[in-house]
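Each residue of the sequence shown is one higher than the one before, counting from 24 in our numbering.
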Amino acid sequence: MQVVKTIEELRSIVKWWRGEGHSVGLVPTMGYLHEGHKSLIVKAVSENDRVVVSDFVNPTQFGVNEDLDSYPRDIDRDAALCEEAGADVIFHPEPEEMYAFGNCTFVDMDHLTKGLCGKTRPTHFRGVCTVVSKLFNIVTPDRAYFGEKDAQQLAVIRRMVRDMNFNLTIVGCPIVREEDGLAMSSRNTYLNPAERKAALILHKSLTMGQEMIEAGEKDVQKIKNAIVKQIKTERLARIDYVELVDTETLEPVKTITGSILTAIAVYIGKTRLIDNFTVKDQGE
Ligand code: PAF
Numbered sequence: 024m025q026v027v028k029t030i031e032e033l034r035s036i037v038k039w040w041r042g043e044g045h046s047v048g049l050v051p052t053m054g055y056l057h058e059g060h061k062s063l064i065v066k067a068v069s070e071n072d073r074v075v076v077s078d079f080v081n082p083t084q085f086g087v088n089e090d091l092d093s094y095p096r097d098i099d100r101d102a103a104l105c106e107e108a109g110a111d112v113i114f115h116p117e118p119e120e121m122y123a124f125g126n127c128t129f130v131d132m133d134h135l136t137k138g139l140c141g142k143t144r145p146t147h148f149r150g151v152c153t154v155v156s157k158l159f160n161i162v163t164p165d166r167a168y169f170g171e172k173d174a175q176q177l178a179v180i181r182r183m184v185r186d187m188n189f190n191l192t193i194v195g196c197p198i199v200r201e202e203d204g205l206a207m208s209s210r211n212t213y214l215n216p217a218e219r220k221a222a223l224i225l226h227k228s229l230t231m232g233q234e235m236i237e238a239g240e241k242d243v244q245k246i247k248n249a250i251v252k253q254i255k256t257e258r259l260a261r262i263d264y265v266e267l268v269d270t271e272t273l274e275p276v277k278t279i280t281g282s283i284l285t286a287i288a289v290y291i292g293k294t295r296l297i298d299n300f301t302v303k304d305q306g307e
């Protein structure tokens with residue numbers, strides 16, 4: 024497996040693969056890889072002849088007071104995980120390689136990016152859409168793989184691909200959890216032992232919400248109230264949002280009908296964690 028630092032080199036490798044008739048999968052990441060990322064890479068390896076994992080902490084998707092500088096990085100560890108998972112190339116550019124001096128072009132989106140995480144992170148999805156578009160243009164993959172933990176990101180990218188006519192398939196992959204239910208995230212490393220324990224409230228409250236829906240509750244406000252109440256029992260937790268939205272439009276819903284995403288963002292101490300589940304109304 025190769026670690027590639029420049030766009031030019033990556034393009035020439037992909038060109039060579041294409042000449043050999045190979046299909047190409049892309050797994051975009053910001054590094055500090057865990058089992059969740061590994062599941063994306065393994066799936067990509069099973070569905071494509073060649074797989075590129077991008078490993079780039081993208082500065083444009085961080086707000087001014089966010090954790091760009093402290094975001095965990097460990098390329099050697101990432102390379103070992105990618106190799107084990109069967110990837111062919113890690114693309115690990117410097118920020119100057121991805122954003123040349125004077126870069127002033129961005130990809131932005133209305134509607135879907137305004138609610139949920141977009142409320143407290145108003146420039147985040149512009150950064151995500153921009154870097155993901157760049158990666159699609161550089162790698163020209165047949166398929167690209169994203170985790171369902173970032174449910175809004177997945178919906179935004181699916182919409183961007185549709186709206187901008189990118190010629191590839193987006194593959195969403197299930198959330199991977201620790202044994203005790205905490206959704207895997209590179210940001211879990213910020214949690215001290217007490218916070219790590221407190222973070223279980225995300226999964227606990229969502230499980231309760233899911234059980235309510237499965238038991239037939241249709242009233243979104245009731246489900247929301249119950250989740251909020253449960254989260255508030257945890258002293259170290261501070262709610263950013265609890266929302267039930269249509270999975271495709273991300274518009275808030277009042278009753279459970281169709282395909283519904285229940286998404287939450289909760290600060291545990293200073294660390295902001297997200298989690299979610301999706302249900303399809305039985306009547307659908
Ligand atoms: O999900 C992530 O890790 C990032 O948002 C992504 C898609 C790699 C873009 O930087």
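For glycine and all other residues, C-beta sits at the position ideal for the given N, C-alpha and C.
Just so we're clear, the structure is a prediction, and the values are computed from it rather than from any experiment.
Beta-bridge analysis with DSSP links ALA206 to ARG200. Residue range 294-303 is occupied by the beta strand (DSSP E) that includes ASP298, with no alpha helix (DSSP H) assigned at that position. Scanning PHE124, ARG210, GLY232 for the CA closest to the CA of ALA222 turns up ARG210.
In this structure, the alpha-carbon of ALA217 lies about 19 Å from that of ASP298. When rounded, the separation of the alpha-carbon atoms in GLU234 and GLY204 is 15 Å.
For GLN176, the distance from the CB to the nearest heavy atom of the ligand PAF is below 7 Å.
Excluding residues up to 5 positions away in sequence, ASP72, ARG73 lie with their Cβ nearer than 7 Å to the Cβ of HIS45 in the same chain. THR212 is classed as exposed because its beta carbon has fewer than 16 other beta carbons within 10 Å across all chains shown. For VAL112, the secondary structure class from DSSP, reduced to helix, strand or coil, is strand. In this structure GLY109 is in contact with VAL68, their Cβ atoms being roughly 4 Å apart against a cut-off of 8 Å. For GLN84, the shortest C-beta to heavy atom distance toward the ligand PAF is below 7 Å. Around the beta-carbon of LYS303, fewer than 16 other beta-carbon atoms lie within 10 Å, marking it exposed.
Assignment of ASP186 by DSSP, reduced to helix, strand and coil, places it in the helix class. Within the same chain, Cβ atoms closer than 6 Å to the Cβ of ASP131 are found at ARG149, the five residues on either side in sequence being excluded.
The segment 112-126 makes contact with the segment 74-81; the number of CB pairs closer than 8 Å reaches 3 or more.
Under the rule that a run must span 3 or more residues, the beta strand (DSSP E) segments found entirely inside the segment 138-189 read 166-170. Sixteen is the threshold: when 16 or more other Cβ atoms of the shown chains lie within 10 Å of the Cβ of CYS105, as they do, the residue is buried. Straight-line measurement puts the Cα of THR280 at about 14 Å from the Cα of THR272. Within 7 Å of the C-beta of ASN81 there is at least one heavy atom belonging to the ligand PAF.
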